[in-house]
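In what follows, a structure is listed as structure tokens, so that the remarks can point back to it.
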Amino acid sequence: MTMENRYVSHPNDVKVFNTERLREEFLIDSLFATDELVTVYTHVDRFIVGSAVPVTKDIKLEVNLKDIGTDYFLERREIGIINVGSKGVVIVDGMDYEVDAKECLYIGLGVKEVVFKKNGGSQPARFYFNSSPAHKSYPTKKSTQAEATPNHLGSIASSNERTIYKYIHQDGIQSCQLVMGMTELDPGNMWNTMPSHTHNRRSEIYLYFNLPEDGVVFHMMGQPDETRHLVVRNEQAIISPSWSIHSGVGTSNYTFIWGMAGENQTFNDMDAVAMQDLR
């Protein structure tokens with residue numbers, strides 16, 4: 011399947027985008043496809059966002075080499091994979107790694123073959139991944155949800171009681187530049203990342219999931235004084251450039267995976283936006 015390309019938009023241009031143009035630039039609305047490798051290449055920090063749902067056949071992590079300019083996918087890249095489906099297996103240079111629901115597998119620069127293996131069951135694994143450029147090799151490593159440094163934040167009073175799970179970060183799975191984790195909202199809570207922030211030194215990708223069929227998230231984006239929104243449904247992703255806030259409110263609680271890449275890996279390197287400054 012051909013890799014989709016997304017280019018970089020200047021914030022001054024985004025101010026005049028209509029809804030359709032905003033969705034074309036920042037929303038990945040068709041990500042998971044049975045027995046296919048789906049990939050989107052964004053020029054925002056050279057992220058590759060993708061998925062694999064192996065049902066009747068194994069799926070190899072390979073793309074048109076002209077798209078990335080290397081002989082194999084991880085020759086100059088690293089990748090973080092989180093399973094949002096049933097238990098599955100990822101084969102890394104001939105070695106099997108079992109990855110259960112909400113578990114993360116990191117694979118570093120230099121690994122030549124990655125295969126998403128079919129599990130033979132009626133409920134397939136649904137592998138979601140972020141990949142960023144890398145200049146140093148770190149070992150393949152898996153993390154369970156329990157091992158992912160859970161941090162409980164927020165309160166029901168502000169509708170943002172949630173648990174943040176950090177998988178790939180400075181004190182967890184080591185990587186070259188990729189940072190990746192997951193946030194689960196407790197029942198009855200709807201808001202994430204509000205009060206909002208930007209981080210001019212890193213961009214971010216969000217995948218929203220665990221939403222009911224008729225559920226939506228209103229994802230807030232844009233410069234703090236020029237905010238916009240995108241309506242996001244289950245298993246759709248958002249490209250969030252460094253100048254944009256990235257907050258959301260849903261019709262019910264939900265879960266989202268966040269991935270970051272850029273100048274540093276410092277999770278708390280954020281530029282807070284005061285509530286009175288939002289427009």
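Following the numbering used here, the numbering of the sequence shown begins with 11 at its first residue and continues without gaps.
Idealized CB from N, CA, C, for every residue including glycine.
If you draw a straight line from the C-alpha of residue i to the C-alpha of residue j, how long is it?
| i | j | result |
| --- | --- | --- |
| Pro149 | Lys67 | 27 Å |
| Gly90 | Ser141 | 6 Å |
| Asn199 | Gly182 | 27 Å |
| Val94 | Asp110 | 8 Å |
| Val63 | Arg212 | 29 Å |
| Met192 | Thr208 | 18 Å |
| Gly118 | Lys127 | 19 Å |
| Val241 | Thr261 | 11 Å |
| Leu37 | Gly120 | 30 Å |
| His256 | Val226 | 16 Å |
Apply the 10 Å Cβ neighbour rule to residue i and answer buried if 16 or more other Cβ atoms are within range, or exposed otherwise.
| i | result |
| --- | --- |
| Leu195 | buried |
| Ile166 | exposed |
| Val54 | buried |
| Leu163 | exposed |
| Tyr175 | buried |
| Asn278 | exposed |
| Arg31 | exposed |
| Ala43 | exposed |
| Arg87 | buried |
Confirm, please, whether the CB-CB distance from residue j to residue i is below 9 Å.
| i | j | result |
| --- | --- | --- |
| Leu47 | Ile78 | no |
| Asn210 | Trp253 | yes |
| Tyr116 | Leu188 | yes |
| Phe219 | Asn244 | yes |
| Gly130 | Asn202 | no |
| Ile215 | Ser185 | no |
Please name the residue or residues paired with residue i in a DSSP beta bridge.
| i | result |
| --- | --- |
| Val102 | Met105, Val124 |
| His207 | Ala282 |
| Gln246 | Tyr218 |
| Ile91 | Leu115, Phe139 |
| Arg16 | Thr52 |
| Val63 | Thr44 |
| Tyr175 | Met192 |
| Thr265 | Glu194, Phe219 |
Our contact map puts residue i next to residue j with C-beta atoms below 8 Å; I'd like the distance itself, whole angstroms only.
| i | j | result |
| --- | --- | --- |
| Ser169 | Val283 | About 18 Å separates the two Cβ atoms, so there is no contact after all. |
| Glu35 | Ser61 | Contact flag wrong, Cβ pair sits at about 20 Å. |
Can you find a CB in chain B that lies within less than 9 Å of the CB of residue i?
| i | result |
| --- | --- |
| Lys152 | Although the question refers to chain B, the structure presented lacks it and comprises just one protein chain. |
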